[in-house]
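Quick notes on the structure that follows.
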Amino acid sequence: MNAKTLLDADYITRNERAVIRLFYKDKGIRTVKEIDDFEPYFYAVPDDIDELENEIKNLNKILGTERLEMTDLNKKVAVLKLILNHPKDVPEVREQVKNLENCKEIREADIPFTRRYIIDSGLVPMEDAEDAGLNVCAFDIESYNPHGDCRADRDPILMISYADSKGMEKVITYRTESNKNLIKDMNLDPGVFEFLNNEKEVIQRFIALIREREIDIITSYNGDNFDFPYIRDRSGKYGIKLDLGIDGSEIRSERRGMNLGVKVKGRPHVDMFPVCRQAFNFPRYTLEDVYEGIFGETKPDIEARNIHEYWDSGDAKKFKKLLIYSLSDVTATLRIAETMLPLQYELSRTVRETIYEGSRMSSGQRVEQLLVENAREKKILVPNRPSDSVAKARSRTSYVGGFVVTPKKGIHDNIVLFDFRSLYPSVIISHNIDPSTVNCECCREDKEKYIAPTGQWFCKKNRGFIPEILNKLIAKRVAIKKKLKAETDEDMKKLFDVQQQAVKLIANSFYGYLAFARARWYSKDCAEATTAWGRKYIHKAVDEAEKFGFEVVYGDTDSVFVVLREEGE
DNA sequence: TTCTGTGGCCGTGGGG
DNA sequence: CCCCACGGCCACGGCT
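Each residue of the first sequence is one higher than the last, beginning at 45 in the numbering used here.
Structure representation (structure tokens):
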């Protein structure tokens, strides 16, 4: 309860200026810090910097310019930093500047304002979250579905279940003609099961609970695309504002790829469905399957499509089953959240992203975020995102094949799995694999360079940006593991373990990032060189293993399965 | 209120 | 005429 942690950040407009708001939990108290002296900016790469500066003088909404020398891949370039008054002006101004005669291209004009602030200020969201006494809750709704699928314009919410990290559990529902005579005979704990008069009261009670319990993190299972939109739509019907934000603002849905994300201001909503889908490799990701996959236990379940029957049945046993099912869904969600959040906190801290964003990021986005942050320190110009057509063309190009060993048929005992994904970071570091060092002019005639099996060479004179960051990450992991070994306190051990896991996850994603078609720092040459060297070392390891009587039964880009053959077998 | 997924299939059209 | 590069379109999976 003694620490201060940054939960969320946004900006508002005051007197036509953007004001950043930082939502903290500080020694158990909510605080908001406002920053009113940070201005949006981006860079223009000129053909002729004097001419460009002249052209820009004719544009409105630019507060000022600054000449800077920055690095673009392996070249030094003079750029103009354009400082604006308000982030909303960026899209318009960047189009104008892009079209100026002396502007070659614009850079870093697509980094959202609050993210830019967090990067530039060095803030670490979720720092010390474990000591901030965060109140976490989970919620889940059941809705009426006599027509099969339920639709918020037609079918009411039947109950909202709630559970929080301080031990409160609730199923909030309402009396109807079919259940009113059952309730008193059901022997339910009135502290858990609340029967109100109607759906509207249920929603109001839910909102009140989030506020009264001073919830800091709201978790759900698919709340992004089901529960929150559903409650919001039903609230609208009754004229209730779903104002769960710490500042009294309503929840907001935003597009994130093909799905939605639901944002609650200052009280981050973390949806466990996308988190689990990314963290585990299960055939299905229903709450039931994920719960069983993680904990090895089944939970009480009823067929979702029959919920309306349980509600309408007028049968005490059936109705109770529905209540218990609803409660079990929310306690399962909370348990999953409590298991998954520590790593999510750490991943967010590692890439310095709010937990709302961090918990919804792909591994590629995490790597990219880390690179963008480090680029600033090193005065490196961040490459632009590829256009759709460039990304599509990239993903169409074929790659030199990975390491493949045709599976040996049969059932094998004593299988040992060698995972080579963890090999790639050291391959990248030790051969200085980077978009700025590949086939560099400075080493063209030089014998002293790293030459990949695929023919590309990598600079030995200048350290690449990506290998440097990766090296820092690996060093960080070694240091954490050292601390973990020496630690005796169980809580601290868990924290260190999560820290090293987060670093490992991100470090192991660098190779995939280089091959990722939408990456700013995409490099086919680098990706191919990495796997080619990787294959070389795998073959070496396999040959060694075979000398000692092991046999490779299956292999792919990432791993090799080896068995030990007995003498004479 | 600067940012928006990804991969596969299929029809089209231009170049060899 | 064939091939392939390109762009448009669709589905994916979870909640009830």
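C-beta atoms are modelled at their ideal positions from N, C-alpha and C, and glycine is treated no differently.
Suppose the cutoff is 7 Å on Cβ atoms and the five residues either side in sequence are ignored; what does the same chain contact list for residue i look like?
i, result
"isoleucine 290", "Phe67, Arg74, Lys309, Gly310 and Arg311"
"glutamate 390", "Val542, Gln543 and Ala546"
"glycine 612", "Its pLDDT being 44, under 50, glycine 612 is placed unreliably in this model, and the coordinates cannot settle the point."
"arginine 321", "Tyr329"
"aspartate 70", "Lys48"
"glycine 593", "Leu608 and Arg609"
"aspartate 116", "Leu425"
"proline 511", "Ile472, Ile473, Asn476, Ile477 and Asp478"
"alanine 435", "Ala561 and Arg562"
"lysine 343", "Glu332, Tyr335, Ser372 and Ala376"
"glycine 337", "Phe324 and Phe326"
"leucine 288", "Ile251, Ile254, Ile295, Val308 and Arg311"
"arginine 300", "Arg404"
"tyrosine 494", "His475, Asn476, Trp501, Phe502 and Lys504"
Short of 6 Å in beta carbon distance, which residues of its chain neighbour residue i, apart from the five on each side in sequence? Order them along the chain.
i, result
"glutamate 595", "Val607 and Arg609"
"isoleucine 459", "Phe605 and Val607"
"serine 553", "Ser407 and Val411"
"tyrosine 161", "Ile64 and Phe82"
"asparagine 418", "Ile513"
"tyrosine 87", "Val123, Lys125, Arg151 and Glu152"
"isoleucine 93", "Ala122"
"isoleucine 79", "Ile64"
"serine 403", "Val314, Val319 and Gln388"
Please identify the residue among the options whose C-alpha is closest to the C-alpha of residue i.
i, options, result
"valine 482", "Tyr566, Tyr468 and Ala173", "Tyr566"
"glutamate 382", "Gln140, Ser474 and Asp315", "Asp315"
"threonine 109", "Ser264, Glu353 and Val89", "Val89"
"lysine 520", "Met536, Lys548 and Tyr494", "Lys548"
"proline 469", "Leu378, Cys570, Phe317 and Asp175", "Cys570"
"glycine 283", "Ser297, Ile247 and Arg257", "Ile247"
"phenylalanine 270", "Lys285, Ile204 and Ala323", "Ile204"
"lysine 505", "Ala348, Ala176, Glu492 and Pro511", "Glu492"
"glycine 454", "Lys537, Val597, Lys422 and Met536", "Val597"
"aspartate 432", "Phe560, Val471 and Glu347", "Phe560"
"methionine 536", "His583, Asp172 and Val471", "Asp172"
"arginine 58", "Asn129, Ile93 and Leu107", "Asn129"
"arginine 579", "Ala176, Tyr494, Lys591 and Leu467", "Leu467"
"serine 165", "Arg564, Arg396, Lys436 and Gly556", "Arg396"
"aspartate 184", "Pro273, Lys228, Ile79 and Glu221", "Pro273"
"arginine 111", "Gly211, Ala360, Glu531 and Val121", "Val121"
"glycine 292", "Ile275, Ile254 and Val586", "Ile254"
"lysine 77", "Leu144, Asp52, Lys281 and Leu378", "Asp52"
"glutamate 145", "Leu96, Met170, Glu113 and Pro190", "Leu96"
"alanine 496", "Ala576, Arg249, Leu558 and Glu174", "Ala576"
"leucine 240", "Asp133, Ile216 and Glu347", "Ile216"
"serine 209", "Leu517, Lys591, Thr263 and Lys101", "Thr263"
"glycine 599", "Arg488, Val522, Ile100 and Leu461", "Leu461"
"alanine 84", "Arg159, Lys361 and His191", "The residue you asked about is not alanine; residue 84 is proline in the sequence shown. Closest option to proline 84, Cα to Cα, is Arg159."
"arginine 564", "Ser480, Ala348, Ile582 and Lys119", "Ser480"
"asparagine 189", "Arg349, Asp587 and Glu588", "Arg349"
"lysine 538", "Ile550, Ile524 and Ala551", "Ile524"
For my contact list, residue i and residue j are in at a C-beta cut-off of 8 Å; report their separation, rounded to the angstrom.
i, j, result
"aspartate 260", "leucine 178", "4 Å"
"tyrosine 218", "cysteine 181", "21 Å between Cβ atoms; not a contact."
"alanine 62", "phenylalanine 157", "7 Å"
"arginine 186", "leucine 202", "According to the sequence shown, residue 186 is glutamate rather than arginine. That pair is a contact at about 5 Å."
"leucine 286", "serine 297", "Not quite, the Cβ-Cβ distance comes to about 11 Å (not below 8 Å), so this is no contact."
"aspartate 373", "aspartate 277", "That belief does not hold up - the Cβ atoms of aspartate 373 and aspartate 277 are roughly 20 Å apart, past 8 Å."
"phenylalanine 464", "serine 603", "6 Å"
"valine 168", "arginine 393", "5 Å"
"phenylalanine 363", "leucine 226", "6 Å"
"phenylalanine 540", "leucine 558", "Not a contact, Cβ separation roughly 29 Å."
"asparagine 46", "aspartate 175", "6 Å"
Just to confirm my understanding: we take residue i, look at its own chain, exclude 5 residues before and 5 after, and list those with CB closer than 8 Å. What are they?
i, result
"isoleucine 56", "Ala62, Val63 and Arg65"
"arginine 195", "none"
"lysine 423", "Leu112, Glu113, Met114 and Thr115"
"isoleucine 275", "Ile185, Ile201, Ile204, Ile247, Phe250 and Leu286"
Per the contact definition of three or more C-beta pairs closer than 8 Å, is the segment 136-151 in contact with the segment 495-506? no
I want to know whether the segment 418-428 touches the segment 147-154 - three or more CB-CB distances under 8 Å. yes
Check whether the segment 364-373 touches the segment 225-245, taking contact to mean three or more Cβ pairs, one atom from each stretch, closer than 8 Å. yes
Touch test, the segment 299-308 against the segment 347-366, Cβ-Cβ under 8 Å, three pairs minimum: no
List in chain order: all unbroken alpha helix (DSSP H) runs of 4+ residues lying wholly within the segment 325-364. 331-339 and 351-356
Give the list of continuous alpha helix (DSSP H) stretches no shorter than 4 residues that lie fully inside the segment 223-306. 243-256 and 272-282
Go through the segment 361-403 residue by residue and report every complete run of the alpha helix (DSSP H) that reaches 4 residues or more, in order. 399-402
Can you list, in chain order, the stretches of the alpha helix (DSSP H) that have 4 or more residues and sit fully within the segment 497-537? 509-530
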